[in-house]
Structure formats: C-alpha cells, structure tokens
Amino acid sequence: MFSIKQNLEPDQDKADINLVETPTPEVVTVVENISKILSPYFIVLVGLFLYDRNSFIGFLLVFTGVLAIFGVSLKDINKLIEEGKKFFQSK
Numbered sequence: 000m001f002s003i004k005q006n007l008e009p010d011q012d013k014a015d016i017n018l019v020e021t022p023t024p025e026v027v028t029v030v031e032n033i034s035k036i037l038s039p040y041f042i043v044l045v046g047l048f049l050y051d052r053n054s055f056i057g058f059l060l061v062f063t064g065v066l067a068i069f070g071v072s073l074k075d076i077n078k079l080i081e082e083g084k085k086f087f088q089s090k
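So the sequence shown is numbered by numbering that gives the first Met the number 0: it starts at 0 and just counts up by one.
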C-alpha cells in the first residue's frame, strides 16, 4: 500500500534512518479538531437516547461523555482514588 524507499549502507544503524512524513492537509486538521470537540457531546446524546432501553449502558455513556467534556483523564481519577485511600487510612 505505502512504499518507503530506504537506501541502507551496511554499517548504517536502523535507528539513524529519518523518515520524512508528508504534511497533513489543512482540511484533515480542521476535521480532527471538530471531531475532538463534538464527540463527547455525541456520546452524551447517545447515552441519553439509550437510557430508556438500558439504563446501565446509558448511564455509562453519559458519565463517560461528561468526563470527556470536562477533560477528566484516567490519570486524574486514579489520583483521586489514591488520595481517598490515604485519607481513610490516616483515620
């Protein structure tokens, strides 16, 4: 599918090979940015739609979408859990 021509000398290390990436078109960059903004809202809408049929899956989708909207990562959640464990162990 994609062909990359490489001229390797016998003593050249493979780590020294510099592959030139073609620049992405501006349209692709704009579409990626719009997708990053709209996808959490779409997840929330699908979760709200599915909440009537299956409340557990709907709740998970809404919860995941809201966390994505607020920019909460898994690292933040793990940090919060560890702080909670330390708080309850100290008492």
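Note that CB positions come from ideal geometry on N, CA and C, so glycine has one too.
It should be emphasised that the depicted structure is a prediction, and the values quoted were computed from it without experimental measurement.
Taking 8 Å as the upper bound for CB-CB distance, Ile56 and Leu66 are not in contact here, some 16 Å apart. Going by beta carbons, Thr63 and Ile42 fall inside the 8 Å limit. In this structure, DSSP gives Val71 a state outside helix and strand, which the three-state scheme calls coil. For Lys35, the closest alpha carbon among the candidates Gly46, Phe69, Leu47 and Asp51 is that of Phe69. Annotation: the continuous alpha helix (DSSP H) that includes Glu25 extends over Glu25 to Leu49. The beta carbon of Val45 sits closer than 7 Å to those of Leu60, all from its chain and outside the five residues before and after it, given in chain order.
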